[in-house]
Structures are given as C-alpha cells and as structure tokens.
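Each residue of the sequence shown is one higher than the one before, counting from 2 in the numbering used here.
Beta carbons are placed, not taken as given, at the ideal position from N, Cα and C, and that holds for glycine.
Keep in mind it's a predicted model, so treat the numbers as computed, not measured.
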Amino acid sequence: MGHLDHAALGWLTPVLSYAMACIGAALGLRCTVRALGATGRSRRNWLVTAASAIGTGIWTMHFVAMLGFSVSGTDIRYDVPLTIVSLLVAMAVVCAGVFAVGYSRDRTRALFLGGLTTGLGVASMHYLGMAAVRLHGDVTYDPVLVGASVLIAIVAATAALWAALNIKSPVAVTIASLIMGAAVSSMHYTGMFAVSVDVTPAGEVLPGATAMQFIFPLAVGLGSYLFLTSAFVALSPTTGERAASASAQGSVESVTG
C-alpha cells in the first residue's frame with residue numbers, strides 16, 4: 002500500500018487552492034448580482050461570466066491541490082484529454098445551475114434543482130480529474146467518504162446559488178465566498194481521503210503528462226483569467242451606477258436646454 006501525501010509541497014498548495022476557490026466564488030457571486038439587475042443579452046453575458054468564474058475557480062482549486070499530491074513508490078501522470086473534459090464538465094454544470102437561478106420564476110424550485118445538478122457536476126469534475134491520474138498501482142475508494150464528498154458538493158453548490166440570489170453587499174459577498182471556498186476545499190480533501198493506492202512497482206514509463214508539464218501551466222492561465230475578470234468586474238459600473246449616471250446626465254441636459 003503506497004503512502005499518500007496530500008500536501009507534498011507543504012501548506013503552499015492547500016492555501017493557494019483555497020484562495021483560487023474563494024476568488025472564483027466571489028467573482029461568480031458578483032457577476033450573478035449584476036445579472037439579476039440586468040435584462041436581455043446583458044443578463045446572459047453576466048451569467049456566462051459568473052458560471053465560467055465559479056467553474057474555473059473550482060477546477061483550478063482541485064488541480065492546484067493535486068500539485069501537492071504524491072504516492073510513495075510511484076510517479077504520477079495525468080491523462081490530458083480527460084483532464085480537459087473535467088474542466089468542461091465543471092463549467093457546463095455550473096452554467097446550468099446559474100442559468101436555472103438567473104431565469105427561473107420559481108426561485109425555490111430552481112435553487113433545489115440547480116444546487117443538486119451543480120453539486121453532482123462538481124463531484125463528477127473531481128472524480129473525472131482523479132480518473133485522469135496515471136500511476137503504477139490500483140486506486141480504490143472508501144464509499145462512505147465518496148458519498149460524504151458528493152453530499153458536501155451538493156450542499157456547497159446550493160449554498161452558493163442561494164447566496165447569489167440573496168446576498169448583495171460586497172462585504173457579505175466576501176464572507177460568503179470565504180465560506181464557499183472552505184466548502185469546496187472540504188469536498189476536495191474529503192474525496193482525496195477516500196483514496197487508497199495499492200502500488201505495483203513497474204519499470205515502464207507512465208503515459209500522460211506530469212503535473213508541472215500540464216497542470217501547472219493550465220492552472221496559472223486560468224488563475225490569470227480569474228484575476229483579469231475580477232479587475233473587469235470591479236471597474237464595470239453597476240446597474241445602479243449606470244442609472245444614476247443617466248439620471249444626472251438627463252438633469253444636466255434639461256438645465257442646459
């Protein structure tokens with residue numbers, strides 16, 4: 002049985018992965034707040050941005066944490082196509098949940114269905130990412146901990162969608178994003194603690210890419226996307242600010258006219 006280390010690089014990967022989850026959650030919540038105050042194409046664009054931010058944050062959190070994952074007695078590689086599929090799954094299911102909340106008239110039903118769908122999707126992303134792991138040995142899972150990780154994912158997704166509907170102020174969004182980041186991280190590490198590896202030493206080279214060859218550059222790119230999008234959202238005027246600007250401009254025109 003191989004010894005599993007979930008923080009081979011020390012506290013760097015857990016802290017950085019938690020930060021990525023929080024940034025994605027905060028950005029997603031802010032975009033959803035903007036979407037609920039908009040109409041037409043603008044609402045759709047804000048919801049797409051929210052979904053991409055949350056999905057990217059969750060996926061980046063998972064694979065930044067995986068940079069610190071090691072198993073004694075074997076190297077680790079990642080199947081590139083399957084890893085990319087896990088990213089697309091994360092974005093697609095979060096998008097479905099966010100759009101359900103953003104457009105449904107029955108918010109309670111949308112919250113339940115959106116939270117369930119998104120939570121199962123996040124769990125699917127996690128275990129697809131684990132299925133992409135290549136090592137010398139057999140991977141098994143504790144079904145109780147797997148079930149617990151799926152439950153945490155559903156609760157976290159439902160709480161995120163509820164927060165998107167009910168939390169408006171920047172301070173409240175910040176607090177909610179910290180809680181959501183903790184929930185996503187808890188889901189990840191609960192799923193990781195379910196893993197056991199029976200190592201079978203072998204001499205052949207493992208297929209796939211190393212974490213530093215593939216996961217690290219992709220995580221850096223997606224992290225940069227989150228930071229740049231955060232700057233865009235911060236600088237973009239809210240619906241209230243646009244209305245106030247239009248009102249002030251109208252007042253000036255009426256006075257000068």
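Within the same chain, L146 come within 7 Å of F194 by CB-CB distance, once the 5 residues on both sides are set aside. Bridge pairing for G138: V200 [DSSP]. Counting only the Cα atoms, T14 lies some 28 Å from V99. Taking a cut-off of 8 Å for Cβ pairs, the stretch 197-213 and the stretch 167-185 do not touch, as fewer than three such pairs fall below it.
Judged by beta-carbon spacing, A20 lies beyond the 8 Å limit of I55, meaning their Cβ atoms are not closer than that value. When the beta-carbon positions are compared, A212 and G103 stay at least 8 Å from each other. For the pair of segments examined, the stretch 153-161 was found to touch the stretch 114-131: the number of CB pairs separated by less than 8 Å reaches three.
Taking 8 Å as the cut-off, the beta carbon of L17 is found closer than this to the beta carbon of V65.
Judged by their CB atoms, V81 and F217 are not nearer to each other than the 8 Å cut-off. Measuring C-alpha to C-alpha distances from A161 to each of H63, R31 and S150 identifies R31 as the nearest. Distances from the CA of A158 to each of G69, L88 and I59 were compared; the closest alpha carbon is that of I59. If you look at I180, you'll find it in the alpha helix (DSSP H) that goes P171 to F194. For G192, the CB contacts under 8 Å within the same chain, skipping 5 residues up- and downstream, are A124, H127, Y128, M131, L146, V147 and S150 in chain order. When the Cα atoms are used, S71 and L136 turn out to be separated by approximately 10 Å. Within the same chain, T61, F64 and V65 come within 7 Å of A220 by CB-CB distance, once the 5 residues on both sides are set aside.
Collapsing the DSSP output to three states places V206 in coil.
Excluding five sequence positions before and after G69, the CB atoms of its chain that fall closer than 6 Å to its own CB belong to A8, A9, L10 and T14, given in chain order. T230 places its beta carbon less than 8 Å from that of L28. T75 is a Cβ neighbour of G138, given a cutoff of 8 Å. Rounded to whole angstroms, the Cβ separation of V200 and L5 is 10 Å, and the two are not in contact under 8 Å. Between C96 and A52, the gap from beta carbon to beta carbon is short of 8 Å. Residue burial is scored here from C-beta neighbours: R78 has at least 16 other C-beta atoms within 10 angstroms and is therefore classed as buried.
For I155, there is no enclosing beta strand (DSSP E); the enclosing alpha helix (DSSP H) covers residues P144 to N167.
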